[in-house]
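Residue numbers (numbering that gives the first Met the number 0): 0 to 313. Shown next, in structure tokens, is the structure this report addresses.
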Amino acid sequence: MEQPKKPSSEPTELPTKEGSWLPLVPYKNYWLEVHLAHNTMRVQESFQARPDDTILATSPKCGTTWLKALAFTIVNRSKHSFDEHPLLAQHPQAVVPYIEMPADGRRDLSYIDEIPSPRLLATHLPLSLLPRSIAEQGCRIVYITRDPKDAFISTWHFKNKMHPRSFIGLDDAFDMFCDGFVNYGPCWEHTLEYWKESQARPDGCLFFRYEEMMREPVEHVRKLAAFLGAPFTGEEEDAKLPEQVAKLCSFGNLAGLRVNQTGDFMRKEDMVVEKSTFFRKGKVGDWRNYMDEEKGRKLDRISEEKFKGSGFAY
Numbered sequence: 000m001e002q003p004k005k006p007s008s009e010p011t012e013l014p015t016k017e018g019s020w021l022p023l024v025p026y027k028n029y030w031l032e033v034h035l036a037h038n039t040m041r042v043q044e045s046f047q048a049r050p051d052d053t054i055l056a057t058s059p060k061c062g063t064t065w066l067k068a069l070a071f072t073i074v075n076r077s078k079h080s081f082d083e084h085p086l087l088a089q090h091p092q093a094v095v096p097y098i099e100m101p102a103d104g105r106r107d108l109s110y111i112d113e114i115p116s117p118r119l120l121a122t123h124l125p126l127s128l129l130p131r132s133i134a135e136q137g138c139r140i141v142y143i144t145r146d147p148k149d150a151f152i153s154t155w156h157f158k159n160k161m162h163p164r165s166f167i168g169l170d171d172a173f174d175m176f177c178d179g180f181v182n183y184g185p186c187w188e189h190t191l192e193y194w195k196e197s198q199a200r201p202d203g204c205l206f207f208r209y210e211e212m213m214r215e216p217v218e219h220v221r222k223l224a225a226f227l228g229a230p231f232t233g234e235e236e237d238a239k240l241p242e243q244v245a246k247l248c249s250f251g252n253l254a255g256l257r258v259n260q261t262g263d264f265m266r267k268e269d270m271v272v273e274k275s276t277f278f279r280k281g282k283v284g285d286w287r288n289y290m291d292e293e294k295g296r297k298l299d300r301i302s303e304e305k306f307k308g309s310g311f312a313y
């Protein structure tokens, strides 16, 4: 993995730009919300990766909740029965912490150091902004990408629900998304970094497409288990364990659980994140219900241009 360079600028020294749901700052080729830029700079210096860490990386609204549920269930399958599984009582976002976002209203990220190995950790950070210790320790990385058309619509719904006082219409949000002016954006560069890493280090970076996972969930459960060093045994295959994992972690099942339907995942100041916000539709092609074909073609053209010569395409 190419080692990230040491931060050269404090986020507070960078120009803040208004217009998105929250102000963004340009930070090393990406846009980040101000508090995330501060957190990113801190974890780049202080986060101590371990060789057996697994990093679940995604651009926002590209299958993060699903990936957390799948990975957690796979690596902990010997500890929990499906009838009394933690995911029946806990939101999937709560079982795998982010390295750049404190959980449960905590003021710092030191609690991550207290998690016993092997750790499952999540991030929305692009590869080039990950703490350098992740590269030094050769940690496993799992990445999911999603068609930008669906990712945009999902982001638009999610952010407007999270920040209702800063509602942004679809046309304005679309223009900003195309310009890469969105938290953790541009999404194309984000995906391209991890795609190149998966090609250079296939044993260390597993690259999934959301659409393919939706078509063949059980096969992707098997691939994920093998990559995580926990392949299913013949006995587990006979017992249909991969199918049980896929069923437990399916969108329909998780969205239907009471624990994911009621209550807040986070609430502070002008921001509210209801648990149900993470489960809207999860469908492939839902963008057609909100955007016209012209907008779809524009995003396709941007994708084609951004990925030209890389060997990757949606």
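We put the beta carbon where it would ideally sit given N, CA and C, even for glycine.
Would you mind working out which of the options sits nearest residue i, comparing C-alpha positions?
{"i": "S45", "options": "G62, S19, H84, D107", "result": "D107"}
{"i": "G203", "options": "G137, K27, M161", "result": "G137"}
{"i": "G251", "options": "T64, G184, A36", "result": "T64"}
{"i": "V244", "options": "R118, L87, S109", "result": "L87"}
{"i": "L205", "options": "M290, I143, T72", "result": "I143"}
{"i": "R145", "options": "G284, N288, E293", "result": "G284"}
{"i": "R257", "options": "H90, Y183, P50", "result": "H90"}
{"i": "E188", "options": "E83, A121, K305, P230", "result": "K305"}
{"i": "T122", "options": "D112, V95, I114, E113", "result": "V95"}
Rounded to whole angstroms, how far is the Cβ of residue i from the Cβ of residue j, which I believe are closer than 8 Å?
{"i": "T53", "j": "A70", "result": "7 Å"}
{"i": "M212", "j": "G62", "result": "7 Å"}
{"i": "S19", "j": "M175", "result": "6 Å"}
{"i": "L119", "j": "I111", "result": "The Cβ separation is near 11 Å, so there is no contact."}
Thinking C-beta only, is residue j closer than 8 Å to residue i?
{"i": "A225", "j": "I140", "result": "no"}
{"i": "E135", "j": "V42", "result": "no"}
{"i": "A48", "j": "S132", "result": "yes"}
{"i": "I73", "j": "L227", "result": "yes"}
{"i": "S127", "j": "E234", "result": "no"}
{"i": "Y289", "j": "S302", "result": "no"}
{"i": "L31", "j": "N159", "result": "no"}
{"i": "E186", "j": "K297", "result": "The question names Glu, but residue 186 is Cys in the sequence shown. No. Outside cutoff."}
Determine the direct distance from the alpha carbon of residue j to that of residue i, and round the result to whole angstroms.
{"i": "E218", "j": "E242", "result": "9 Å"}
{"i": "P163", "j": "L21", "result": "11 Å"}
{"i": "A150", "j": "K282", "result": "11 Å"}
{"i": "K4", "j": "P14", "result": "Note that K4 scores a pLDDT of 42, beneath 50, so its modelled location is shaky; the value from the coordinates is reported in the next line. The alpha-carbon atoms of K4 and P14 are separated by roughly 21 Å."}
{"i": "P125", "j": "Y26", "result": "11 Å"}
{"i": "V338", "j": "T154", "result": "With the chain represented from 0 up to 313, any question about residue 338 goes unanswered, as that position is not in the structure."}
{"i": "I152", "j": "Q92", "result": "20 Å"}
{"i": "E1", "j": "L129", "result": "Annotation note: pLDDT 45 at E1 (below 50); position unreliable, coordinate value reported separately. Cα to Cα, E1 sits roughly 10 Å from L129."}
{"i": "K148", "j": "G295", "result": "6 Å"}
{"i": "S109", "j": "E292", "result": "47 Å"}
{"i": "N75", "j": "K16", "result": "43 Å"}
{"i": "F311", "j": "W194", "result": "7 Å"}
{"i": "P6", "j": "L35", "result": "Low local confidence applies: a pLDDT of 38 at P6 is under 50, so the model's placement there is unreliable, and no value is given."}
{"i": "I114", "j": "Y97", "result": "12 Å"}
{"i": "E83", "j": "T232", "result": "22 Å"}
{"i": "P230", "j": "A238", "result": "14 Å"}
{"i": "F207", "j": "S249", "result": "16 Å"}
{"i": "S80", "j": "P216", "result": "20 Å"}
{"i": "V24", "j": "G308", "result": "30 Å"}
{"i": "S165", "j": "F180", "result": "16 Å"}
Under the criterion of a Cβ to heavy atom distance below 7 Å, does residue i qualify as lining the ligand NAD?
{"i": "E113", "result": "This structure lacks the ligand NAD, and indeed carries no ligand of any kind."}
Could you tell me which residues DSSP pairs with residue i in its beta bridges?
{"i": "L21", "result": "According to DSSP, which records beta bridges pairwise, L21 is partnered with nothing at all."}
{"i": "T39", "result": "The partner list for T39 (beta bridge, DSSP) is empty, contrary to what the question assumes."}
{"i": "A56", "result": "T122, Y142"}
{"i": "R164", "result": "DSSP lists no partner for R164."}
{"i": "K324", "result": "Since the first residue shown for the chain is 0 and the last is 313, residue 324 is missing from the structure and cannot be characterised."}
Output yes if chain D places a C-beta closer than 8 Å to the C-beta of residue i; else output no.
{"i": "T39", "result": "Absence of chain D from the displayed structure is noted, only one protein chain being present."}
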